[in-house]
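Those protein sequence lines, which keep their order, are chains A, B and C. Each residue of the first sequence is one higher than the one before, starting from 79 at the first, in the working numbering. Each residue of the second sequence is one higher than the one before, starting from 82 at the first, in the working numbering. Each residue of the third sequence is one higher than the one before, starting from 2 at the first, in the working numbering. Here a beta-carbon is modelled for each residue, glycine too, at the ideal position from N, C-alpha and C. As the structure is a prediction and not an experimental result, all values here were calculated from the model.
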Amino acid sequence: MRIPLKKSGYEIIKAEVVKITPMTATEKLYEIRLKNGENLDHDPGQFVEVSMFGAGEAPISVCSSPTNQDTFELCIRKIGRMTSVLHNLEVGDEIGIRGPFGVGFPVNLLKGRDMIFIAGGLGIAPMRSLINYVLDERRDFGKVDILLGCKTPDKMLFGGEVAVWAERMDVNFCCTVDKSDPEWKGNVGLITTLIPGVNFNPDNTFAVVCGPPEMYIYVIQELLKKGMPESRIYVSLERHMKCGMGRCGHCQIHQYYCCMDGPVFPYDKVKDLEGAI
Amino acid sequence: MKDVLLKKELFNGFVEALMNSYKVAAPTRRGDKSFAFNFITDPAEVCLDHIPTILPPKKYFLPQHETLLEYNTTEGQNMQAFVEIEPMVILGVHSCDIAGIQCLNHVFMDRPKDYHYQARHDKILLIGYECLRKCDQYASCGLMQTHTPTGGYDIFMTDMGDHYYFSINTFDGKSLVQLFDGFELADTAAEKTLKKLRSDKKKLFRNETDVSLAEIPSIFEWGFDSHVWDRTAEKCLSCGNCTNVCPTCYCFDVNDEPELNLAKGRRVRVWDSCQNETFAIIAGGENFRPKRAQRTRHRFFRKFKYPVMRYGKFFCTGCGRCSRQCMASINLKETISNLKRSWGEI
Amino acid sequence: MSAPKVAFFDLACCEGCQLQVANLGEELLDLLGHIEVVEFRELMSEKWDGEYDLAIIEGSVTNVEAEEKVKEIRSRSKMVMAYGACAVNGGINGIKNKTPMEENGRIVYGDRFKDYPSMPTKAVGDVIDVDYIVPGCPIYPPEFLKVLKSALAGLEYVIPDHAVCVECRFNENECMYEKGINCMGPITRAGCNSWCLNNGNRCYGCRGLLSNPNIHGARDVMKKYDLDPDVILKSIDMYNAAAGGKDE
Chain A
79 MRIPLKKSGY EIIKAEVVKI TPMTATEKLY EIRLKNGENL DHDPGQFVEV
129 SMFGAGEAPI SVCSSPTNQD TFELCIRKIG RMTSVLHNLE VGDEIGIRGP
179 FGVGFPVNLL KGRDMIFIAG GLGIAPMRSL INYVLDERRD FGKVDILLGC
229 KTPDKMLFGG EVAVWAERMD VNFCCTVDKS DPEWKGNVGL ITTLIPGVNF
279 NPDNTFAVVC GPPEMYIYVI QELLKKGMPE SRIYVSLERH MKCGMGRCGH
329 CQIHQYYCCM DGPVFPYDKV KDLEGAI
Chain B
82 MKDVLLKKEL FNGFVEALMN SYKVAAPTRR GDKSFAFNFI TDPAEVCLDH
132 IPTILPPKKY FLPQHETLLE YNTTEGQNMQ AFVEIEPMVI LGVHSCDIAG
182 IQCLNHVFMD RPKDYHYQAR HDKILLIGYE CLRKCDQYAS CGLMQTHTPT
232 GGYDIFMTDM GDHYYFSINT FDGKSLVQLF DGFELADTAA EKTLKKLRSD
282 KKKLFRNETD VSLAEIPSIF EWGFDSHVWD RTAEKCLSCG NCTNVCPTCY
332 CFDVNDEPEL NLAKGRRVRV WDSCQNETFA IIAGGENFRP KRAQRTRHRF
382 FRKFKYPVMR YGKFFCTGCG RCSRQCMASI NLKETISNLK RSWGEI
Chain C
2 MSAPKVAFFD LACCEGCQLQ VANLGEELLD LLGHIEVVEF RELMSEKWDG
52 EYDLAIIEGS VTNVEAEEKV KEIRSRSKMV MAYGACAVNG GINGIKNKTP
102 MEENGRIVYG DRFKDYPSMP TKAVGDVIDV DYIVPGCPIY PPEFLKVLKS
152 ALAGLEYVIP DHAVCVECRF NENECMYEKG INCMGPITRA GCNSWCLNNG
202 NRCYGCRGLL SNPNIHGARD VMKKYDLDPD VILKSIDMYN AAAGGKDE
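Right, here's the structure in full:
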């Protein structure tokens with residue numbers, strides 16, 4: 079007996095690639111529109127499963143702000159089997175979307191507070207959804223500091239947009255690369271070197287940290303040194319979220335499922351979990 | 082619902098009656114020492130007195146390979162999710178395995194609900210079978226207190242010498258009994274015998290370890306850094322037997338299986354195991370549990386700590402399969418005992 | 002779009018993997034509806050001098066001619082698949098790497114061994130870049146089809162890096178060790194759906210070792226079941242000697 083299912087959780091929503099912007103040698107930015115006429119309606123920091131039947135699915139964080147309705151954006155790094163397939167997409171192609179999944183950044187908790195954003199490498203992708211949200215609703219937030227880092231200048235993501243952030247009078251912006259090239263005029267060094275230079279009031283500031291796994295511990299140490307409470311440092315963790323529904327086990331961090339309980343966690347919730355950070 | 086009795090010589094007739102209306106799965110012999118649940122074609126195949134089967138009955142609720150949906154990309158990303166299942170009865174399920182299914186129910190009925198699981202669950206009726214003695218040295222149902230059923234079945238059968246006592250738990254169970262003519266109502270004497278038998282069982286099914294159930298949460302509170310895990314890892318071959326045969330392990334992978342035309346195919350979920358080295362690797366190659374010790378520890382914590390935090394329940398049914406199937410002799414009871422003993426040695 | 006041009010080649014091997022393909026039966030007919038086979042020595046006499054979309058190579062490289070042949074195949078092929086244990090990790094041919102070449106020659110050809118030059122066995126992937134592999138002796142036909150479909154779709158295919166035991170349990174076989182039989186399953190890569198074990202045989206490790214096998218642990222298991230632990234090293238050599246079978 080064949081029992082058809084309508085909402086099993088594994089159905090995809092058809093979506094269309096409306097724009098592709100090459101960013102670096104390995105990253106492209108995809109603008110996606112759901113074909114059912116609805117908005118994705120995500121929180122900053124949430125992710126979707128991008129599906130191509132025959133190839134599979136990949137969890138990708140939404141990098142656009144929910145204030146952008148109608149379409150959303152995904153920054154995809156060509157790094158594995160599935161993302162290589164996604165890199166062959168063309169404008170007008172149809173893909174499948176499941177989600178949004180997970181717990182994003184606690185936007186309502188952040189309102190009225192000062193913000194420090196610290197992103198390394200591809201970590202800027204999930205964080206950009208929040209940065210742009212904060213900048214779109216700028217009056218709801220206090221002081222904003224953005225610290226960016228990447229390996230080399232040519233690996234900088236969202237270059238045009240980052241330049242606009244840097245120009246804004248209501249944003250303190252700072253950027254560094256691990257290794258410079260002849261044209262680079264900014265800082266050189268690890269992102270941790272930028273933190274001592276930031277002035278913040280530990281009583282009223284939230285920090286958001288996204289980056290490669292090895293970055294977290296050093297950045298967080300610097301923040302703690304300056305008196306930032308653990309509960310106000312938010313991190314977004316990367317795992318292989320496969321089902322998105324807290325079952326398949328691939329993204330499990332001790333008792334938490336990254337796809338349901340994360341990917342955004344306050345640091346104090348995960349700091350004692352070996353292997354989490 | 083009134084319980085009933087069935088003379089043993091009529092049991093095969095009842096099984097035949099079940100087979101006329103349902104697909105019937107029951108424990109059957111599989112090799113010298115092993116049993117397996119299989120669909121039967123003859124009541125004579127049923128081995129009620131079995132030690133736990135190689136795979137638990139979870140394979141009917143969450144099959145090893147399960148099609149989630151069929152797709153067709155000839156004109157875009159089209160798909161239809163479905164479940165393929167016939168109404169079925171699983172006969173002769175031990176109370177430990179019923180406890181396992183109850184654990185899976187917690188996981189898959191929790192929000193967001195898994196409708197594939199639910200559709201299967203709705204089509205499966207369970208007839209349990211009471212253990213009156215310990216199956217072997219691997220079981221720890223005395224520790225886990227799963228030797229006597231606590232719901233989760235439609236009918237539960239108990240051997241009472243010349244007849245079986247049928248405890249009927251659901252309307253579905255009642256309708257199964259109505260398929261066959263040979264039942265008698267259970268009288269007070271039979272009910273008394275059942276009570277006596279169950280209280281006698283408590284003496285037989287004693288805690289097999291020097292650890293009490295109440296101690297387990299605290300053992301696993303501090304046991305994370307114990308050296309026990311390194312010792313376990315030296316033995317472990319990461320073969321995945323323990324998780325595959327575990328009635329409460331439910332991790333899976335999802336893969337696409339295209340047809341040769343490449344446009345059509347199926348999206349399939351396949352059992353996966355946290356013991357496999359590749360389980361916690363992310364795109365880009367970072368592995369979050371690269372060491373065997375981390376993986377063996379993770380399995381134990383997924384039985385005795387994490388589900389307690391999430392579902393308020395231990396996810397060990399004491400069936401002993403993980404220890405029975407472990408060619409490297411990693412024994413669950415010993416590991417917990419050693420963990421308790423290792424306190425202070427860390 | 003015309004059907005992709007696929008060619009089958011063989012080097013040092015028993016041609017048993019080709020036989021598996023030839024024996025696909027109805028699936029072969031279905032397959033032929035989606036590819037154009039331009040060369041396949043066991044099935045047809047035609048040859049092809051153009052470019053191959055996919056070259057499928059069986060057997061290992063054991064002499065200079067074979068080395069040149071695979072290089073030539075590579076230069077004419079968009080994609081190359083090595084299939085069968087001989088092509089993927091040297092297979093049984095690798096056993097000769099354990100003794101000096103001259104001795105091998107004398108054993109096989111006697112005094113005239115110099116007329117038959119031979120060299121240590123290499124897997125195809127040791128000589129040229131290979132895009133797809135299908136391990137096994139012989140290949141497991143459903144896996145071959147799976148990999149072939151990935152190739153036709155231009156998708157990467159990763160051979161599982163978990164033990165044969167995983168699939169053996171899926172199939173609910175009684176463990177060989179329970180029967181007192183020494184089995185390579187726990188240290189051998191899955192993907193064959195525990196084919197041998199389903200049919201009552203043990204695992205010989207033809208698919209190659211896991212990337213990180215616990216050899217010490219496996220030896221302890223053998224001791225526990227009163228089996229000779231050295232058998233494990235010999236068994237590894239049977240198919241993996243050319244791949245540098247891991248000694249402890």
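For B:Q161, the enclosing beta strand (DSSP E) has its first and last residue at 159-165. A:C153: member of the beta strand (DSSP E) spanning 150-155, first to last residue.
In this structure C:N215 is buried. Its beta-carbon is surrounded by 16 or more other beta-carbon atoms within 10 angstroms. Residue environment analysis places C:P187 among the buried positions, since at least 16 neighbouring C-beta atoms fall within 10 angstroms of its C-beta.
For the region 143-167 of chain C, the residues whose beta carbon sits under 9 Å from a beta carbon of chain A are, in order, K150, A154, G155, L156, E157, Y158, V159. Within the region 231-286 of chain B, the runs of alpha helix (DSSP H) that reach at least 4 residues and sit entirely inside it are, in chain order, 252-258, 269-285. Going by beta carbons, B:V349 and B:L149 fall inside the 8 Å limit. Not a single C-beta of chain C is nearer than 8 Å to the C-beta of B:W303. Take the alpha-carbon of B:R376 and the one of C:S119: they are about 46 Å apart. Residues R203, C204, Y205 of the same chain have their beta carbon placed closer than 8 Å to that of C:C197, with the five preceding and five following residues left out of the count.
Between B:P388 and A:G132, the CB-CB gap reaches or exceeds 8 Å.
A distance of 8 Å or more separates the beta carbons of C:V222 and C:V125. DSSP, reduced to helix, strand and coil, places A:M205 within a helical segment of the structure shown. Put simply, the CB of A:G267 is far from chain C, with every gap to its CB atoms at 8 Å or more.
For C:L20, the three-state secondary structure derived from DSSP is helix. Fewer than three pairs of CB atoms, one per stretch, sit closer than 8 Å, so the region 303-312 of chain B makes no contact with the region 145-157 of chain C. The C-alpha of C:D11 lies about 37 Å from the C-alpha of B:I363. When A:D119, A:P280, A:S314, A:Q299 are compared, the shortest CA-CA separation from A:G289 is found for A:S314. Proximity of A:V95 to chain C, defined by a Cβ-Cβ separation below 8 Å, is not satisfied.
Rounded to whole angstroms, the gap between the alpha carbons of A:Q299 and B:N368 is 23 Å.
Using a Cβ-Cβ cut-off of 8 Å, A:R159 counts as an interface residue toward chain C, since at least one Cβ of chain C sits closer than that to its own.
Looking at the backbone, the Cα of C:G92 and that of C:A242 are separated by about 7 Å. Straight-line spacing of the CA atoms in C:D130 and C:L211 works out to 21 Å. For C:A152, there is no enclosing beta strand (DSSP E); the enclosing alpha helix (DSSP H) covers residues 142-154.
For the C-beta of B:A117, the chain C residues within less than 7 Å are, from N- to C-terminus, E173. Cβ atoms of A:L225 and A:L301 stay farther apart than 8 Å, at about 11 Å. In the three-state reduction of the DSSP assignment, A:R176 falls in the strand class, which pools E and B.
In this structure, B:N250 sits away from B:F261, with a CB-CB distance that is not shorter than 8 Å. Counting along the chain, no alpha helix (DSSP H) covers B:W424, and no H or E run does either. Taking 7 Å as the upper bound on Cβ-Cβ separation, chain B lies near residues E316, R317, H318, K320, C321, M323, R325, C326, G327, H328, H332, Q333 of the region 316-345 of chain A. DSSP places B:E97 in no beta strand (DSSP E) but in the uninterrupted alpha helix (DSSP H) bounded by 92-102. The shortest C-alpha to C-alpha distance from A:D350 to any of A:G238, A:E308, A:C326 is the one to A:E308.
Taking all protein chains shown into account, B:T155 has fewer than 16 neighbouring C-beta atoms within 10 Å of its C-beta and is therefore exposed.
By a beta-carbon distance limit of 8 Å, B:S319 contacts B:Q356. Their separation comes to about 5 Å. For chain B, the residues of the region 175-190 of chain C that bring a beta carbon within less than 8 Å of one of its beta carbons are E175, C176, Y178, E179, K180, G186, P187, I188, in chain order. Any Cβ of chain A closer than 8 Å to the Cβ of B:C355 would place that residue at the interface, and such an atom is present.
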